[in-house]
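Peer 1: One rule links them: number in this note's numbering = place in the sequence shown (from 1) + 4.
Okay, here's the structure, questions in a sec.
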Amino acid sequence: MSAGSGGLSSGGPGGQVGGAAGTAPRTVFGHLEPYAGDPILSLNEAFQADPRPDKVNLSIGIYFDDAGRIPVLDCVRRAEAQMLEESGPKPYLPIEGSAAMRKAVQGLLFGAGHEAVASGRVATLQTVGSSGGLRVGADFIRRWLPGAQVWISDPSWDNHRAMFEGAGLAVHAYPYYDAATGGVRFDAMRDTLAGLPAGSIVLLHACCHNPTGVDLSRAQWEALVPLLRERGLIPYLDLAYQGYGDGIEEDAFALRLLAAAGLTFFVANSFSKSMSVYGERAGALSVVCADRAEAELVLGQLKATVRRNYSSPSIHAAGIVARVLADPVLRASWEADVAAMRSRIQAMRRALHDVLAAKRPGRDFGYFLTQRGMFSYTGLAAAQVDRLREEFGVYLVRSGRICVAGLNSGNVERTAAAIAAVVA
Ligand code: KET
5 MSAGSGGLSS GGPGGQVGGA AGTAPRTVFG HLEPYAGDPI LSLNEAFQAD
55 PRPDKVNLSI GIYFDDAGRI PVLDCVRRAE AQMLEESGPK PYLPIEGSAA
105 MRKAVQGLLF GAGHEAVASG RVATLQTVGS SGGLRVGADF IRRWLPGAQV
155 WISDPSWDNH RAMFEGAGLA VHAYPYYDAA TGGVRFDAMR DTLAGLPAGS
205 IVLLHACCHN PTGVDLSRAQ WEALVPLLRE RGLIPYLDLA YQGYGDGIEE
255 DAFALRLLAA AGLTFFVANS FSKSMSVYGE RAGALSVVCA DRAEAELVLG
305 QLKATVRRNY SSPSIHAAGI VARVLADPVL RASWEADVAA MRSRIQAMRR
355 ALHDVLAAKR PGRDFGYFLT QRGMFSYTGL AAAQVDRLRE EFGVYLVRSG
405 RICVAGLNSG NVERTAAAIA AVVA
């Protein structure tokens, strides 16, 4: 670790930088804090390194099929085959990404012929995953709405706080999950939002809340709209799991509601999960503005943000997404695959619930059935999570979140039995 406060001076032995006379020389990077690792990604790596053959990965938000593999969707394979066949050049995409993909994303999010899209008041850019979109939006907020506070749900995806704080914004949490009931603390949430300064950013999970699996009802979304409008709050939707909740169209409900209400808002959406293309980094950021002129200004400044960061997004990701969404045959195949992934997760929820209910009849595991999307919040304490990993090879995040899509017909009973053992 570093010692001394000398300025940089050259000439220390072995590339070291000497401090003032008498202080210990130090290396350039010796003062760095070790990175503790990301709680989700490190756990996934620990899982890969675990030699036990019957280990179960419920850590990361990735959809695995019933054989425990990450599926390659037929529509994606065919889109890629078309691209290979065309064997076109690979120029840089424009800063804002592929026009075909951006148009397809707008159609997917808002639905065909939506007024907001038709009137040109939505600025959409293709981003490096939805993570890239979230961060570009955060940097844009820091630059153009500099005093804005950011409010995320308690709890939220860990990286939300990290991304917005990393952009230099102050991040706070509004009440959300109710551990006592397994529902949403809606009154407390609404009261908190009602007290926020105008111009605050309110990050909302558009569907399939991560980590809890507990979503707002349609009536609750509808109740939020006048509050958001009257208080001048700016929603920032994260739509990473479209299709995993109730359906591709159904999961766009909140987004379309805010658009119909004429609110100005951000939405970062992802294809990582819905097209099973995690490593392609396929996502987008859209900002719904008051009118076309404003959307053009916003798009321009989003482009400036991207240019000084990663310059432009991936041409391969754009090719996949644009083709799958625009080609009717590929689109139908994709919709069928999303429906199959969604119903397999529901079947696993049911199987997990039934085994646990049989083994621990005194407890209510009904939340496994009502929670939506990839995740369930089990309520397991960190010590129980550790036991599951160490004794049973079942990996989940220490908050007690499980990725239900890591369950399959070969491991669900064993996993349920392990959970039953630690809750005993
Ligand atoms: N938003 C949410 C809510 C989310 O859960 C993830 C990923 C992302 C955005 C990022 O998706 P992208 O691939 O950048 O479009 N979540 C899983 C993986 C991770 O942590 O990176 C997870 O929670 O396990």
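For glycine and all other residues, C-beta sits at the position ideal for the given N, C-alpha and C.
Use the C-beta contact count for Q130: other C-beta atoms within 10 angstroms, 16 or more gives buried, fewer gives exposed.
Peer 2: In the sequence shown, residue 130 corresponds to position 126, counting from 1. Under this definition Q130 is a buried residue.
Peer 1: Using CA atoms only, rank isn't needed, just tell me which of I406, V426, F369 and A425 is closest to N48.
Peer 2: Here residue 48 corresponds to residue number 44 of the sequence shown, with the count starting at 1. If we check each option's Cα against that of N48, I406 comes out closest.
Peer 1: Restricting to runs no shorter than 4 residues, where is the alpha helix (DSSP H) found entirely within the stretch 75-114?
Peer 2: The stretch 75-114 contains these whole alpha helix (DSSP H) runs: 78-90 and 103-114.
Peer 1: Thinking just about the alpha-carbon of each residue, which of A256, A428, V333 and V109 is nearest to the one in G366?
Peer 2: Within the sequence shown, residue 366 is the residue found at index 362, counting from 1. It is A428 whose Cα lies nearest to the Cα of G366.
Peer 1: Looking only at its chain, what residues have a beta carbon closer than 6 Å to the beta carbon of R480, apart from the 5 residues adjacent to it on each side?
Peer 2: Nothing can be reported for residue 480, as the shown portion of the chain is limited to 5 through 428.
Peer 1: With DSSP as the reference, label Y69 as helix, strand or coil.
Peer 2: Taking the sequence shown and counting its residues from 1, the one referred to as residue 69 is at position 65. The displayed chain sequence assigns Asp, not Tyr, to residue 69. D69: coil per DSSP, three-state reduction.
Peer 1: Reducing DSSP to helix, strand and coil, say where I349 ends up.
Peer 2: Indexing the sequence shown from 1 puts residue 349 at position 345. Helix at I349.
Peer 1: Starting from the Cα of L200, find the closest Cα among L241, P159 and A152 and give me that residue.
Peer 2: As a first step, residue 200 is located in the sequence shown; it is residue number 196 there, counting from the start. Among L241, P159 and A152, the Cα nearest to that of L200 is on A152.
Peer 1: Since R405 is in the beta strand (DSSP E), which residue starts that stretch and which ends it?
Peer 2: Start at 1 with the first residue of the sequence shown, and residue 405 comes out as number 401. Note, R405: beta strand (DSSP E), R405 to C407.
Peer 1: Would you say I156 touches the ligand GDP, meaning its beta carbon is less than 7 Å from a heavy atom?
Peer 2: You won't find the ligand GDP in this model; what it holds is the ligand KET.
Peer 1: Count the other C-beta atoms from every protein chain shown that fall within 10 angstroms of the C-beta of V281, then say buried if there are 16 or more, exposed otherwise.
Peer 2: In the sequence shown, the residue the question calls residue 281 occupies position 277. Buried, because 16 or more other Cβ atoms sit within 10 Å of the Cβ of V281.
Peer 1: Contact check, D341 vs L77 under 8 Å by CB: the rounded distance?
Peer 2: As a working note, residue 341 is residue 337 in the sequence shown. As a working note, residue 77 is residue 73 in the sequence shown. Indeed they touch by this definition, with Cβ atoms about 5 Å apart.
Peer 1: Give a yes or no on whether the C-beta atoms belonging to V292 and T309 are separated by under 8 Å.
Peer 2: As a first step, residue 292 must be located in the sequence shown, where it is residue number 288. As a first step, residue 309 must be located in the sequence shown, where it is residue number 305. No, they are not a contact pair.
Peer 1: Looking only at its chain, what residues have a beta carbon closer than 6 Å to the beta carbon of A171, apart from the 5 residues adjacent to it on each side?
Peer 2: Taking the first residue of the sequence shown as 1, we reach residue 171 at position 167. Counting only Cβ-Cβ distances below 6 Å, and skipping sequence neighbours, we find A142, D143 and R146.
Peer 1: State buried or exposed for I44, treating a residue as buried only when at least 16 other CB atoms are found within 10 Å of its CB.
Peer 2: In the sequence shown, residue 44 corresponds to position 40, counting from 1. Buried, by the Cβ-count rule.
Peer 1: Could you say if the stretch 342-353 and the stretch 248-263 meet the contact criterion of at least three C-beta pairs nearer than 8 Å?
Peer 2: Yes: the two stretches touch, three or more of their Cβ pairs being nearer than 8 Å.
Peer 1: Is it the case that the CB of H320 approaches a heavy atom of the ligand KET more closely than 7 Å?
Peer 2: Here residue 320 corresponds to residue number 316 of the sequence shown, with the count starting at 1. No, the Cβ of H320 stays beyond 7 Å of every heavy atom of the ligand KET.
Peer 1: Specify the secondary structure class of I238 as computed by DSSP and reduced to three states.
Peer 2: Numbered from 1 along the sequence shown, position 234 holds the residue referred to as residue 238. Reduced to three states, the DSSP call for I238 is strand.
Peer 1: For A409, count neighbouring C-beta atoms within 10 Å of its own C-beta (all shown protein chains included) and say buried if the count is 16 or more, exposed if not.
Peer 2: By 1-based counting over the sequence shown, the position of residue 409 is 405. Per the 10 Å Cβ criterion, buried.
Peer 1: Can you tell me whether Y67 sits near the ligand KET, meaning its C-beta is under 7 Å from at least one heavy atom of the ligand?
Peer 2: As a first step, residue 67 is located in the sequence shown; it is residue number 63 there, counting from the start. The answer is no for Y67.
Peer 1: For D390, does the count of other Cβ atoms within 10 angstroms reach 16, so buried, or fall short, so exposed?
Peer 2: Taking the sequence shown and counting its residues from 1, the one referred to as residue 390 is at position 386. So D390 ends up on the exposed side.
Peer 1: Tell me which residues share the same chain as M105 and place their Cβ nearer than 7 Å to its Cβ, disregarding the 5 neighbours each side in the sequence.
Peer 2: Taking the sequence shown and counting its residues from 1, one reaches residue 105 at position 101. Within the same chain, M105 has close Cβ partners Q130, A322, V325 and A326.
Peer 1: Thinking C-alpha only, which one of A265, Y178 and I156 is nearest E169?
Peer 2: Taking the sequence shown and counting its residues from 1, one reaches residue 169 at position 165. Comparing Cα positions, the closest option is I156.
Peer 1: Who are the near neighbours of S337 in its chain, counting only those whose CB is closer than 7 Å to its CB and skipping five residues on each side?
Peer 2: For the purposes of this step, residue 337 is taken as residue 333 along the sequence shown, with counting starting at 1. Counting only Cβ-Cβ distances below 7 Å, and skipping sequence neighbours, we find D78 and C79.
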